[in-house]
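The next block holds one structure in the form of structure tokens; read it before the comments.
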Amino acid sequence: MREEYVEAVLAVVDLVPAGSVLAYGDVAELLGAGGPRQVGAVMSRHGGQTAWWRILKASGGAPEGHEAPALGHYVDEGTPLRRDQHGGWRVDMPQARWTPSDEELEAVEAITEALDRRLHGPEGPGRELSEPGSGMDP
DNA sequence: ATTCTGACTTGCT
DNA sequence: AAGCAAGCCAGAA
């Protein structure tokens with residue numbers, strides 16, 4: 020994926036306050052680009068330098084393969100958790116899910132805007148130039 | 001072009 | 001509540 024997308028995702032992650040979380044799909048939706056799997060891919064490769072535990076599955080489960088350290092952070096930050104039987108736990112999504120304030124929403128918008136600009140280029144995506152040799156004439 | 005894979009989601013048993 | 005299938009989006013082989 021493009022480097023610009025990676026930076027946009029990480030920027031959003033940095034916006035999430037301690038004690039709150041966002042699902043992969045939520046980030047994708049805020050960004051208006053890519054899907055849950057793309058966000059997951061970004062976190063997998065570049066999440067190390069961020070508060071990666073604040074981005075997780077929509078079901079409330081911690082990032083695949085990182086449940087132990089994630090739990091430590093959740094306890095630290097007082098993230099709402101729910102116990103389930105057999106000693107399992109999961110983040111209480113309805114409570115923990117981050118809902119951006121107006122200002123925060125503005126910041127998010129700034130990010131998506133920058134992303135669109137950098138992704139589609141300073142020129143609009145609506146540009147219709149036909150490249151030489153791209154003709155599909157029979 | 002086709003197929004496989006993955007820090008995902010949702011809908012249906 | 002838990003398991004399964006199908007969708008979904010991009011990158012890699």
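Residue numbering for the first sequence follows this note's numbering, beginning at 20 and increasing consecutively. Ideal Cβ placement from N, Cα and C applies to all residues, glycine included.
Membership of ARG64 in the alpha helix (DSSP H) is indicated by the continuous run 55-65. Secondary structure note for ARG73: it is in no beta strand (DSSP E), with a DSSP letter that is neither H nor E. Membership of ARG109 in the beta strand (DSSP E) is indicated by the continuous run 108-110. ARG101: member of the beta strand (DSSP E) spanning 100-102, first to last residue. Ranked by Cα distance from GLY66, the first of LEU49, LEU50, ALA52 and VAL31 is VAL31.
Here the segment 122-137 does not lie against the segment 98-107, with fewer than 3 beta-carbon pairs under 8 Å apart.
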